[in-house]
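Trainee: What follows is a single structure, and I will ask about it in a moment.
Numbering (the working numbering), first residue to last: 30 to 631.
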């Protein structure tokens, strides 16, 4: 028996019988149960032999496509001097996620959450001429972000593995070409993995730049929501998606001849008030109070909609946005949460609710406004501005107002699209119907432009001998996230179900009776023949029952297993089990078996 045989009995596979309590996602449970990873600390994992084999195979797929696209691999330091982050100004942007420390010489360092600064510094010092461009460099390496709440296994870990590529071009036209090449490489990678995916326009976030797209893999368990048109294929994240604003105003049943005060005892939520008044939720303009770096903001959207906080921040041009505390809401509106309206908002104690006549003591209802309400900024959604007859909070406990019209009954500062898109809305591109799907972000590609080259003074000489800033792009794939997503998307009721190209082993040879010399002889011969063909094979030589052995092979996700037992010896029959569809195939000869294996795995 050759010592090079990979025996299950000698391979380190610490599987678990039960689902671990700390895991929520199916894929996280399976990573732990099947012995792919183990958690050392919150968000920090050891890749065990099975997990590492799959990870390396996934990396090889990524590496081949990156190389084919003309990218060149390198490896950058995981520990970085904080000085370079201060130079770019991003040491403050990353806040506590940037793990800082000092060395013995009292110099400041950090663990790399990303590599834009390092790669820009490297190219700045080593690339001097346009003749050396275009250049795309990449690595597959560790990152560390001190997440406040790491969760879901490898999906949101503190320490994680990513593929990062960076392109350097002489101009925007060159960047466009580099971007296209990288996007095409991504399409090849994720097609090879068998994913249903789509690129969507996205915000650049902390990385920055002029334009970016996320690669989203559709999964019912995804934490991101993607808006897709059923007609033209328009797609965007729920945070970025837009829809047609063609709402014609509240239903006739909601309409009153003038602004009227309505008693709504102990009815706070839109749902409660709508049920009490026997009207639809679309009749409401709900007022949500936020706190930001510029003060308090009152935002109004239709009662059945959610406020899109990213759109709201963009409309007001702010970075930070938080729901106001209950005590602040009461100071601003003069009423408990649930009765807020857009009338006379002031950051002060005191009652600002409207009276039974529909005003605040002024004859002109237009004086009931927030436009002069201290530092309270009022932002209303387009749908609110385009209609009237709204029901709002009255800024008084147990009261609401009906037939409220923006501009007549209250003033406002900004009109913008601040609503989250809903399924059934109309597409801004073609008027088709929008739907919403759950998805997982696995890749993000950016046109950075001169963002980093300018701030880090990274220049080259063009064909005229003039000094120019590099025009950059960056392209990331979460490698650990991709491995876990493969498990999340393709797992079956029996365990992990990875594609052959990523599975730790392509085949398992299962010896059902290791005490039988003939069965063992046949098992070892098949193992040797298959490995000689180039197959990655695990030999299950454990002295356990057939049921346990077969269940374990299913759990760890080996796509094909060849079962050798008494039937093999007595009838000269060779059984091949295919995990993907739970089918079994029987062969009368080893040649026939091997021919089928070649079809399946090569």
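All C-beta atoms, glycine included, are put in the ideal place defined by N, C-alpha and C.
(1) Tell me which residues share the same chain as residue 516 and place their Cβ nearer than 6 Å to its Cβ, disregarding the 5 neighbours each side in the sequence.
(2) From which residue to which residue does the beta strand (DSSP E) around residue 191 run?
(3) Once you ignore the five residues that flank residue 320 on each side, which residues in its own chain have a CB closer than 8 Å to its CB?
(4) What three-state label does DSSP hand residue 324 in the structure shown?
(5) Would you tell me roughly how many angstroms separate the C-alpha atoms of residue 371 and residue 316, rounded to the nearest one?
(6) Any contact of the segment 239-247 with the segment 482-500, i.e. 3+ C-beta pairs under 8 Å?
(7) Can you tell me where the beta strand (DSSP E) with residue 143 in it begins and where it stops?
(8) Go ahead and label residue 261 buried or exposed: buried means 16 or more other beta carbons lie within 10 angstroms of its beta carbon, across all protein chains shown.
(9) Is it buried or exposed for residue 39, if we count other Cβ within 10 angstroms and need 16 for buried?
(10) Along the chain, where does the alpha helix (DSSP H) that runs through residue 265 open and close?
(11) Can you tell me where the beta strand (DSSP E) holding residue 611 begins and where it ends?
(12) May I ask you to list the residues that DSSP assigns as paired with residue 201?
(13) Helix, strand or coil: how does DSSP classify residue 529 here?
(14) If we count Cβ pairs, one from each stretch, closer than 8 Å, do we get three or more for the segment 135-153 versus the segment 39-52?
(15) Flag this pair as yes or no: are the beta carbons of residue 222 and residue 528 separated by less than 8 Å?
(16) How about residue 75 and residue 62: are their beta carbons less than 8 Å apart?
(17) Which word fits residue 101, buried or exposed, when buried means at least 16 other C-beta atoms lie within 10 angstroms of its C-beta?
(18) Looking at residue 328 and residue 447, is the spacing between their C-beta atoms short of 8 Å?
(19) Would residue 543 and residue 593 qualify as a contact pair, given that the criterion is a beta-carbon distance under 8 Å?
(20) Just the C-alpha distance for residue 171 and residue 252, rounded to the nearest angstrom, thanks.
(21) What did DSSP end up calling residue 76 once you bin it into helix, strand or coil?
(22) I'd like to know whether the C-beta atoms of residue 163 and residue 196 end up nearer to each other than 8 Å.
(23) Could you please give the first and the last residue of the uninterrupted alpha helix (DSSP H) stretch that includes residue 356?
(24) Name the DSSP bridge partner or partners of residue 428?
(25) Along the alpha helix (DSSP H) that carries residue 595, what are the first and last residues, could you check?
(26) Where residue 602 and residue 617 are concerned, what is the direct C-alpha to C-alpha distance, given to the nearest angstrom?
(27) My guess is that residue 218 and residue 90 are in contact by the Cβ rule of under 8 Å, so how many angstroms apart are they, rounded?
Mentor: Looking at the atomic coordinates:
(1) Numbered from its first residue, the chain shown carries residue 516 at position 487. Within the same chain, residue 516 has close Cβ partners 56, 59, 525.
(2) Locating residue 191 in the chain shown gives position 162, where the first residue counts as 1. Here the beta strand (DSSP E) through residue 191 covers 188-198.
(3) As a working note, residue 320 is residue 291 in the chain shown. Here the set comprises 326, 350, 351, 352, 353, 354, 357.
(4) If you number the chain shown from 1, residue 324 lands on position 295. Looking at residue 324 - three-state DSSP - the assignment turns out to be strand.
(5) To locate residue 371, count along the chain shown from 1; it is residue 342. To locate residue 316, count along the chain shown from 1; it is residue 287. Near 7 Å, if we compare the C-alpha coordinates of residue 316 and residue 371.
(6) Contact between the segment 239-247 and the segment 482-500 is absent, because fewer than three Cβ pairs lie under 8 Å.
(7) Locating residue 143 in the chain shown gives position 114, where the first residue counts as 1. Run containing residue 143: none; DSSP gives neither H nor E here.
(8) Here residue 261 refers to the residue found at position 232 when the chain shown is read from its first residue. By the 10 Å Cβ count, residue 261 comes out exposed.
(9) Against the chain shown, residue 39 aligns to sequence position 10. Residue 39 comes out exposed.
(10) For this step, residue 265 is matched to residue 236 along the chain shown. Unbroken run through residue 265 is the beta strand (DSSP E), 264-266; no alpha helix (DSSP H).
(11) Reading the chain shown from its first residue, position 582 is the one you call residue 611. Note, residue 611: premise wrong, no beta strand (DSSP E); not H, not E.
(12) Sequence index remark: in the chain shown, residue 201 carries index 172 (1-based). BP columns for residue 201 are empty, so no partner.
(13) The residue you call residue 529 lines up with position 500 of the chain shown. DSSP places residue 529 in coil when its eight states are reduced to three.
(14) no
(15) If you number the chain shown from 1, residue 222 lands on position 193. If you number the chain shown from 1, residue 528 lands on position 499. Yes. Within cutoff.
(16) As a first step, residue 75 must be located in the chain shown, where it is residue number 46. As a first step, residue 62 must be located in the chain shown, where it is residue number 33. Cβ distance not < 8 Å, so residue 75 and residue 62 don't count as in contact.
(17) Counting from one through the chain shown, the residue named residue 101 turns up at place 72. By the 10 Å Cβ count, residue 101 comes out exposed.
(18) Indexing the chain shown from 1 puts residue 447 at position 418. Indexing the chain shown from 1 puts residue 328 at position 299. Cβ atoms of residue 447 and residue 328: closer than 8 Å.
(19) For this step, residue 543 is matched to residue 514 along the chain shown. For this step, residue 593 is matched to residue 564 along the chain shown. No; because the gap between Cβ atoms is not below 8 Å, this pair is not in contact.
(20) For the purposes of this step, residue 171 is taken as the residue at position 142 of the chain shown. For the purposes of this step, residue 252 is taken as the residue at position 223 of the chain shown. Rounded to the nearest angstrom, the two C-alpha atoms are 23 Å apart.
(21) Walking along the chain shown from the start, residue 76 turns up at place 47. It is a strand residue.
(22) Position 134 of the chain shown, counted from the first residue, corresponds to residue 163. Position 167 of the chain shown, counted from the first residue, corresponds to residue 196. Yes.
(23) Translated into positions along the chain shown, residue 356 becomes position 327. Here the alpha helix (DSSP H) through residue 356 covers 355-362.
(24) Within the chain shown, numbered from 1, the residue matching residue 428 stands at position 399. Residue 428 has 292 as its beta-bridge partners, per DSSP.
(25) Numbered from 1 along the chain shown, position 566 holds the residue referred to as residue 595. First-last of the alpha helix (DSSP H) with residue 595: 595-600.
(26) As a working note, residue 602 is residue 573 in the chain shown. As a working note, residue 617 is residue 588 in the chain shown. Going from the Cα of residue 602 to the Cα of residue 617 covers about 5 Å.
(27) Position 189 of the chain shown holds residue 218. Position 61 of the chain shown holds residue 90. That pair is a contact at about 6 Å.
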